[in-house]
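Peer 1: Just dropping this structure here.
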Amino acid sequence: MQIERLSTHYPVRGAFLSRRDKAVKAVDDVSLTLYEGETVGLVGESGCGKSTLGRTIIRLEQSSGGRIRFEGRDITHDPPKKLIPARMRMQMIFQDPYASLNPRMRIVDTLSEPLLVHRLVERHEIRREVDRLLALVGLPSSAGNRYPHEFSGGQRQRIGIARALSFRPKLLVCDEPVSALDVSIQAQILNLLQDLQEELTLTYLFIAHGIGAVKQISKRVAVMYLGKIVELAGTEELFRRPRHPYTQLLLNAYPPPDPAYRRKQSRVILHGDIPSPANPPAGCRFHTRCPYAQQRCRVETPHLSEKEHAVACHYPLA
Amino acid sequence: MGPYLVRRLLIAVPVFWGITVLSFLIMNMAPGNPVDMFINPNVPPEMRELRKELLGLNDPVYVQYFKWLAGVLRGELGYSFSSYAPVTELIGARIGPTLLLASSSLAVGLIIAIPIGILSAVKHNTRLDYLMTGLSFLGTSIPPFFLGLGLIYILGVELKWLPTGGMKTLGGDGGFADIAIHLIMPVLVLGMTIAGKKVRYVRASMLDVLGQDYLRTARSKGLSEWAVTNRHALRNALIPIIAVIGAEIPLLLGGSIIIEQVFQWPGIGQLTMEAILSRDYPTLMGLNLVAASVVLLTNLLIDILYAAVDPRIEFN
Amino acid sequence: MNQAELAWRKDAMDTERRHDGADDPPSFESYARQVRQRFMRHKVAVWGLATTLLLLAAGLLAPWLAPYQPNEITDAFSAGPSADYLLGTDQVGRDVLSRLLYGTRVSLLIGFTTVAIYVLFGTLVGLIAGYYGKWIDMLLMRITDIFLSFPYMLVVLVMVSVLGASLWTIIIVLALFKWPAIAMLVRGIVLSLKKADYVRAGVALGYSTPRILLRHILPGASGAIIVNATFGVASTILAEAGLSFLGMGVKSPQASLGNMLHDAQSLTVLTEQQWLWLPAGFIILLTVLAFNFVGDGLRDALDGRQL
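Those sequence lines, one after another, are chains D, Z and A.
Each step along the first sequence adds one to the number in my numbering, with nothing skipped, and position 182 is 182.
Each step along the second sequence adds one to the number in my numbering, with nothing skipped, and position 152 is 152.
Each step along the third sequence adds one to the number in my numbering, with nothing skipped, and position 159 is 159.
Structure, rendered in structure tokens:
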């Protein structure tokens, strides 16, 4: 999948009769390519637009600019009907397992509905297919006869994954799939995702606001700030040698398990709140909070460099 | 607040236009022609035609509408078919008694409902609460005309404490006391209907507020339960009640038709019944329009008032 | 998150630890049982339900229960209650009890039909306005504003009088000015549910909009709609009785609870022939009260968990 200069803006009504209707630039001019079978982590604070980006690329939100190419086809403006083949190849796993399953439907109905609606499986074979999906995510066949509220968060997330897999998709957008779960369950779900990726050659866009999960699962990591990708590099490289000041601060905020290591680091902490995306700062959007900001940063917008280790900063760290 | 006000006002404009269209449409669904129906059949046909022409009834419907709308915008509602008096005058002569009845009923309704609702909430799930809630259901469920007839029978006919109808005693002075004594029964009936609904609303609103954290804080500061209820809870519980008073206005205007009929109260409701019985379309059209406009206007005022009182509303 | 929800989540996790739960009963039944239990605890609601069923039976069976034809003119005029005429006869000589039974039938018929019509229409408008949003929502909401501006009793009275009162005009007119309330209720629920992840999942799975609206959003609004409809039957019966009382509803000779009270506007009837109006008034009160209590019980019973 290729994303070229994608933007998603939400209109906000400006002052009445002022003619200047503002827009929240949730995603602003983002380009990113996902290669088959890889996992790209997408991190940033809440409100940075990472979830919107995830929803936009699978067309749950309408983009306001740019292009989305999926398996060689431009799907940016496909009408719902024409989009169905693409939808079958890309699915989403949602953050809140308590909200992502219809509480009034039994699991077997939730899992069979997509297959029946699109006539992918005959009705008399549906139960076997549902059982296969349940088994794929490590749930017994008996789970099908029950309702979502009878399951724990982790189990529900497994059901959500099973539903996403019902079309045998190639791309999964995982929107913070573990952040609502207990720590012990998080690891189980991450392992499940990794196993499934190997087994089914899936491509993941893995969205998270915590660094931990991303580090475990991703091959590459993109860091997002106020609707823009500010740094993109291989996971190892990014964690060892962050080049954008924001990435560095983000990594600092994430306490590594080793206290000795923690003491060595001179910790610069991220100050202040993230500015409103309705009214982002001019120039480099991070300059209001950047410890290294200079005059140029306030005026000129930096662009993501086209290197293996890409960074959008006028004065990247060494 | 300024832009919010402007937007709120601008939304009211198309709604007002819609009200005029609907008022007009309802009257034009009438089968037949009012002139044919009501003029003495002995009147020669040419005279009938002349009347129709004068009333503009030979114009296409949309021309009639725009003529009428133009009048409305100038504050004219046309002339009554039956008395030939301007509709505005007819309504103007009757609106006073109705406003008196409606506002007294609203006041009485709230005076009954607020203390009972608060009591019910403070003592919730006690026998007293159940009794009050049960009574409030009775208040909303009893047909107002049935209650009215019952009161007339008991208080008016049997006990002879109160006059059975009208606004003034025949040949009486029509002074404050005279009107007040005539007002008691109709206000009681209409006030009951209002109170029944409001009791449950006040109770729910109060219960909601009583569960909030800041009240726990107030209590933990050692304030007495009375002070907590009174100073902290009440104010916050009553703000949402302002908003729902607006919802009572159409109820009051509609309900007063029946009440006025039962008690022979000379207001808008009686005028409506008279106009219906004499098929006086311009008057009915005017009544609908005025009533709907009053509702629109009060809702507008309440929204603005609510926005001014509740600091949580944002104006963007 | 409130206490109940916390407890519930904790419970769900405990279930996981305990066993795989293959032998648990399907949950819909347990939910239905829960609702039934909560409703049954509400004593007045149970009374309301029993009364409602009784009235329904009386209305349905009126032709078999009534001792006389409702319009049959007997040889007793304005006769008080007696062994022949349990509730007496009216001024024309018709049996009051028989007319009460038929009147109940008419009131319930109007109540249910009107509510069915406006609930269906209002739900449709609410679904469309809430789901599509933007200018469609704006337009539909302004239209509901227009309808809501007219005082119900006034506009219904005037419109019925203009169109001429027949059973169907009464039903249509009563429904015409009642749908906006349901539309606004449903719209509000749709607005909150359409952001729910399971609805988004439906979009991602390529479901058609009608499927998403009817299968995934509407069930979430059904509880509120049912409660509102129950209260609606009560208020519609009350409104029809009001119309008939004013002489603009169901027209004589057809019996209706409201028009039986119409005659009580004369002082003789009011003071000397109470059997003509007291029973009719009480039946209306009873019917409306019963439906209101059922509605209240349903609200409490369905409210627990937002299922």
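Even glycine gets a Cβ: it sits at the ideal position worked out from N, Cα and C.
1. In the DSSP assignment, find the beta strand (DSSP E) that holds I206 of chain D and state where it starts and stops.
2. Thinking C-alpha only, which one of D:L317, D:F239, D:R89 and D:Y225 is nearest K25 of chain D?
3. For V189 of chain Z, does the count of other Cβ atoms within 10 angstroms reach 16, so buried, or fall short, so exposed?
4. Just to confirm my understanding: we take N299 of chain Z, look at its own chain, exclude 5 residues before and 5 after, and list those with CB closer than 8 angstroms. What are they?
5. Does DSSP put K228 of chain D in a helix, a strand or coil?
6. Which value, in whole angstroms, describes the spacing of the CA atoms of M141 of chain A and F121 of chain A?
7. From D:S31, D:A23 and D:L42, pick the residue whose C-alpha is nearest to that of P177 of chain D; which is it?
8. Run through chain A and tell me which residues come within less than 7 angstroms of N102 of chain D, C-beta to C-beta.
9. Just the Cα atoms here: how many angstroms apart are I128 of chain A and L218 of chain A?
10. Would you identify the three-state DSSP class for G220 of chain A, choosing helix, strand or coil?
11. For chain B, is any of its Cβ atoms less than 8 angstroms away from the one on Y152 of chain A?
12. At what residues does the beta strand (DSSP E) containing L163 of chain A begin and finish?
13. Using the beta-carbon of each residue, which ones in chain A are nearer than 8 angstroms to V137 of chain D?
14. Give the secondary structure of T89 of chain A by DSSP, where H, G and I count as helix, E and B as strand, and everything else as coil.
15. In the segment 240-257 of chain A, which residues sit with their C-beta less than 8 angstroms from some C-beta in chain Z, listed in chain order?
16. How long is the line joining the alpha carbons of F151 of chain D and F239 of chain D, rounded to whole angstroms?
17. Going by DSSP in three states, P177 of chain D sits in which element: helix, strand or coil?
18. Secondary structure at P11 of chain D, three-state DSSP: helix, strand or coil?
19. Is there contact here, the segment 184-200 of chain A with the segment 248-262 of chain A, by at least three beta-carbon pairs under 8 angstroms?
20. Taking a Cβ distance cut-off of 8 angstroms, strictly less, list which residues of the segment 34-68 of chain A are near chain D, in chain order.
21. Among residues of its own chain, excluding the 5 on either side of I116 of chain Z, which ones have a beta-carbon nearer than 7 angstroms to its beta-carbon?
22. Please state whether DSSP places Y130 of chain Z in a helix, a strand or coil.
23. Is the beta carbon of P240 of chain Z less than 8 angstroms from the beta carbon of L77 of chain Z?
24. Could you tell me which uninterrupted beta strand (DSSP E) segments, each at least 3 residues in length, are contained entirely in the segment 154-214 of chain A, listed from first to last along the chain?
25. Run through chain A and tell me which residues come within less than 9 angstroms of V295 of chain Z, C-beta to C-beta.
26. Spell out whether any CB of chain Z is found under 8 angstroms from the CB atom of F112 of chain A.
27. Is the CB of W275 of chain A under 8 angstroms away from at least one CB in chain Z?
28. Taking Cβ to Cβ, would you say V130 of chain D is nearer than 8 angstroms to V108 of chain D?
29. Can you check which of these residues, D:G234, D:R89 and D:V223, is closest to L249 of chain D by C-alpha distance?
30. In whole angstroms, give me the CA-to-CA distance for L278 of chain A and V202 of chain Z.
31. Of the choices D:A312, D:E306 and D:E308, whose alpha-carbon is the least far from that of E300 of chain D?
32. Cβ of S141 of chain Z less than 8 angstroms from any chain A Cβ?
33. Using a Cβ-Cβ distance under 8 angstroms, would A26 of chain D count as near chain A?
34. What does a CB cutoff of less than 7 angstroms around P281 of chain D pick up in its chain, not counting 5 residues either side in sequence?
35. Distance cutoff 8 angstroms, beta carbons only. Does L9 of chain Z sit that close to anything in chain A?
36. Do I26 of chain Z and V162 of chain A have their beta-carbon atoms positioned less than 8 angstroms apart in this structure?
Peer 2: Working from what's here:
1. Here residue 206 of chain D corresponds to residue number 206 of the first sequence, with the count starting at 1. Before going on, a small fix: residue 206 of chain D reads as Phe here, not Ile. Here the beta strand (DSSP E) through F206 of chain D covers T203 to A208.
2. Walking along the first sequence from the start, residue 25 of chain D turns up at place 25. Considering only alpha carbons, the answer is D:Y225.
3. Looking up residue 189 of chain Z in the second sequence gives position 189. That one is buried.
4. Within the second sequence, numbered from 1, the residue matching residue 299 of chain Z stands at position 299. Only residues of its own chain outside the window of five on either side were considered, and among them G246 and I249 have a CB closer than 8 angstroms to the CB of N299 of chain Z, listed in chain order.
5. Translated into the one-based positions of the first sequence, residue 228 of chain D becomes position 228. If DSSP states are grouped into helix, strand and coil, K228 of chain D belongs with the strands.
6. Position 141 of the third sequence, counted from the start, is the residue given in the question as residue 141 of chain A. Position 121 of the third sequence, counted from the start, is the residue given in the question as residue 121 of chain A. Those two C-alpha atoms are separated by around 14 angstroms.
7. Within the first sequence, numbered from 1, the residue matching residue 177 of chain D stands at position 177. It is D:L42.
8. Looking up residue 102 of chain D in the first sequence gives position 102. Taking a Cβ-Cβ threshold of 7 angstroms, the residues of chain A close to N102 of chain D are Y198 and H216, in chain order.
9. Residue numbering aside, residue 128 of chain A sits at position 128 when the third sequence is read from its first letter. Residue numbering aside, residue 218 of chain A sits at position 218 when the third sequence is read from its first letter. Approximately 11 angstroms, taken between the alpha carbons.
10. On the third sequence, position 220 is the one that residue 220 of chain A refers to. DSSP places G220 of chain A in helix when its eight states are reduced to three.
11. No chain B is part of this structure, whose protein chains are labelled D, Z and A.
12. In the third sequence, residue 163 of chain A corresponds to position 163, counting from 1. No beta strand (DSSP E) holds L163 of chain A; the alpha helix (DSSP H) holding it covers Y152 to L163.
13. On the first sequence, residue 137 of chain D is found 137 positions in, with the first residue counted as 1. Those do not exist, as V137 of chain D stays about 14 angstroms from chain A at its closest Cβ, beyond 8 angstroms.
14. Against the third sequence, residue 89 of chain A aligns to sequence position 89. DSSP places T89 of chain A within a strand segment (E or B) once states are collapsed to three.
15. Within the segment 240-257 of chain A, A241, G242, F245, L246 and M248 place their CB atoms closer than 8 angstroms to a CB of chain Z, listed in sequence order.
16. The residue given as residue 151 of chain D occupies position 151 in the first sequence. The residue given as residue 239 of chain D occupies position 239 in the first sequence. Spanning the two alpha carbons is a distance of roughly 36 angstroms.
17. Position 177 of the first sequence, counted from the first residue, corresponds to residue 177 of chain D. Coil at P177 of chain D, not helix or strand.
18. Within the first sequence, residue 11 of chain D is the residue found at index 11, counting from 1. Strand at P11 of chain D.
19. Contact fails between the segment 184-200 of chain A and the segment 248-262 of chain A, because fewer than three Cβ pairs, one in each stretch, are under 8 angstroms apart.
20. The residues in question: there are none.
21. For the purposes of this step, residue 116 of chain Z is taken as residue 116 along the second sequence, with counting starting at 1. Within the same chain, and ignoring the five residues on either side of I116 of chain Z in sequence, the residues whose Cβ sits closer than 7 angstroms to its Cβ are M132 and V199.
22. Locating residue 130 of chain Z in the second sequence gives position 130, counting from the first residue. It is helical.
23. Residue numbering aside, residue 240 of chain Z sits at position 240 when the second sequence is read from its first letter. Residue numbering aside, residue 77 of chain Z sits at position 77 when the second sequence is read from its first letter. Cβ distance not < 8 angstroms, so P240 of chain Z and L77 of chain Z don't count as in contact.
24. The segment 154-214 of chain A contains no whole beta strand (DSSP E) run of 3 or more residues.
25. Your numbering for residue 295 of chain Z matches position 295 in the second sequence. Under the 9 angstroms cutoff, chain A gives L148, S149, F150 and P151.
26. Locating residue 112 of chain A in the third sequence gives position 112, where the first residue counts as 1. No, its Cβ sits nowhere closer than 8 angstroms to a Cβ of chain Z.
27. Here residue 275 of chain A corresponds to residue number 275 of the third sequence, with the count starting at 1. No - not a single Cβ of chain Z is within 8 angstroms of the one on W275 of chain A.
28. Taking the first sequence and counting its residues from 1, one reaches residue 130 of chain D at position 130. Taking the first sequence and counting its residues from 1, one reaches residue 108 of chain D at position 108. Their beta carbons are under 8 angstroms apart, which means V130 of chain D touches V108 of chain D by this criterion.
29. Your numbering for residue 249 of chain D matches position 249 in the first sequence. Looking at D:G234, D:R89 and D:V223, the one whose alpha-carbon comes closest to that of L249 of chain D is D:V223.
30. Within the third sequence, numbered from 1, the residue matching residue 278 of chain A stands at position 278. Within the second sequence, numbered from 1, the residue matching residue 202 of chain Z stands at position 202. C-alpha separation (whole angstroms): 32 angstroms.
31. What you label residue 300 of chain D is simply residue 300 of the first sequence in a count that begins at 1. Of all alpha-carbon atoms in D:A312, D:E306 and D:E308, the one lying nearest the alpha-carbon of E300 of chain D is that of D:A312.
32. Counted from its first residue, the second sequence places residue 141 of chain Z at position 141. Yes, S141 of chain Z counts as interfacial toward chain A.
33. The residue given as residue 26 of chain D occupies position 26 in the first sequence. Not closer than 8 angstroms to any Cβ of chain A, the Cβ of A26 of chain D fails to qualify, so no.
34. Translated into positions along the first sequence, residue 281 of chain D becomes position 281. Here the set comprises P275, H287 and T288.
35. Position 9 of the second sequence holds residue 9 of chain Z. Cβ-Cβ to chain A under 8 angstroms: no for L9 of chain Z.
36. The sequence position of residue 162 of chain A within the third sequence is 162, counting from 1. The sequence position of residue 26 of chain Z within the second sequence is 26, counting from 1. Yes.
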